[in-house]
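Here numbering that gives the first Met the number 0 is used: the first residue of the sequence shown is 0, the next is one more, and so on. Report on the structure given below.
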Amino acid sequence: MAEDGGARGASGASGASRASGGGDEFAVIVEGIKKYYYMGDDVVKAADGVDLSILKGEYVSIMGPSGSGKTTIFNLVGGLDKPTEGRIFIDKTDISKLDAYELAWLRCRKIGYIFQ
0 MAEDGGARGA SGASGASRAS GGGDEFAVIV EGIKKYYYMG DDVVKAADGV DLSILKGEYV
60 SIMGPSGSGK TTIFNLVGGL DKPTEGRIFI DKTDISKLDA YELAWLRCRK IGYIFQ
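In structure tokens form, the structure reads like this:
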């Protein structure tokens, strides 16, 4: 995670163009992700404007202090939770458009999830 709370990706290209092809093959593209939890009158910003690009075959480590949003990002990229705002692409598929069955298939076939 960057100092401002957002993860930084390797590419400056926009997510839509990166996901639609051309250039390097990205396995994961996270574009402007926000995840807010509402607790009464309070808003908890678990992720606030995160952008991340991961190339196929690339190893990535997301590090940060407790409460910085690491687990939230993993849950969003893994399709276990939906973002408040933003888009996530896994192998050029916008996972926000997938139903529960399609998300389960994606997790089974494309994502290796190791819980902490």
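For each residue, glycine too, the CB sits at the ideal point set by N, CA and C. What you are looking at is a predicted structure, and each value in this text was computed from that prediction instead of being measured.
Give the single residue among Thr83, Glu84, Pro82 and Leu75 whose Cα lies nearest to the Cα of Ile110.
Position 111 of the sequence shown, counted from the start, is the residue given in the question as residue 110. Ranking the options by Cα distance to Ile110, first place goes to Leu75.
State the Cα-Cα distance for the pair Trp104 and Val42, rounded to the nearest angstrom.
Stepping through the sequence shown from its first residue, residue 104 is reached at position 105. Stepping through the sequence shown from its first residue, residue 42 is reached at position 43. Their Cα atoms are separated by approximately 32 angstroms.
Under the three-state reduction of DSSP, which class applies to Ile113: helix, strand or coil?
Taking the sequence shown and counting its residues from 1, the one referred to as residue 113 is at position 114. Looking at Ile113 - three-state DSSP - the assignment turns out to be coil, as it is neither helix nor strand.
Backbone CA spacing between Gly78 and Ile94 [nearest angstrom]:
As a first step, residue 78 must be located in the sequence shown, where it is residue number 79. As a first step, residue 94 must be located in the sequence shown, where it is residue number 95. If you take the alpha carbons of Gly78 and Ile94, they lie about 7 angstroms apart.
Which residues in the same chain have their Cβ closer than 8 angstroms to the Cβ of Leu54, if we skip the five residues on either side of it in sequence?
Residue 54 sits at position 55 when you count from the first residue of the sequence shown. Within its own chain, the residues whose Cβ lies closer than 8 angstroms to the Cβ of Leu54, once the five positions on either side in sequence are excluded, are Ala9, Asp23, Glu24, Phe25 and Ala26, listed in chain order.
For Ala46, list the residues DSSP reports as bridge partners.
Looking up residue 46 in the sequence shown gives position 47. Lys34.
Around the C-beta of Gly34, are 16 or more other C-beta atoms found within 10 angstroms, so that it is buried, or is it exposed?
For the purposes of this step, residue 34 is taken as the residue at position 35 of the sequence shown. The residue you asked about is not Gly; residue 34 is Lys in the sequence shown. Label assigned to Lys34: buried.
Please name the residue or residues paired with Val29 in a DSSP beta bridge.
For the purposes of this step, residue 29 is identified with residue 30 of the sequence shown, where counting begins at 1. According to DSSP, Val29 bridges with Leu51 and Ile87.
Look at the alpha carbon of Gly56 and the alpha carbon of Lys44, and state the distance between them as a whole number of angstroms.
Position 57 of the sequence shown, counting from 1, holds the residue named residue 56. Position 45 of the sequence shown, counting from 1, holds the residue named residue 44. Going from the Cα of Gly56 to the Cα of Lys44 covers about 31 angstroms.
From Ala99 to Glu84, what does the alpha carbon distance come to, in whole angstroms?
As a first step, residue 99 is located in the sequence shown; it is residue number 100 there, counting from the start. As a first step, residue 84 is located in the sequence shown; it is residue number 85 there, counting from the start. Each residue's alpha carbon lies about 18 angstroms from the other.
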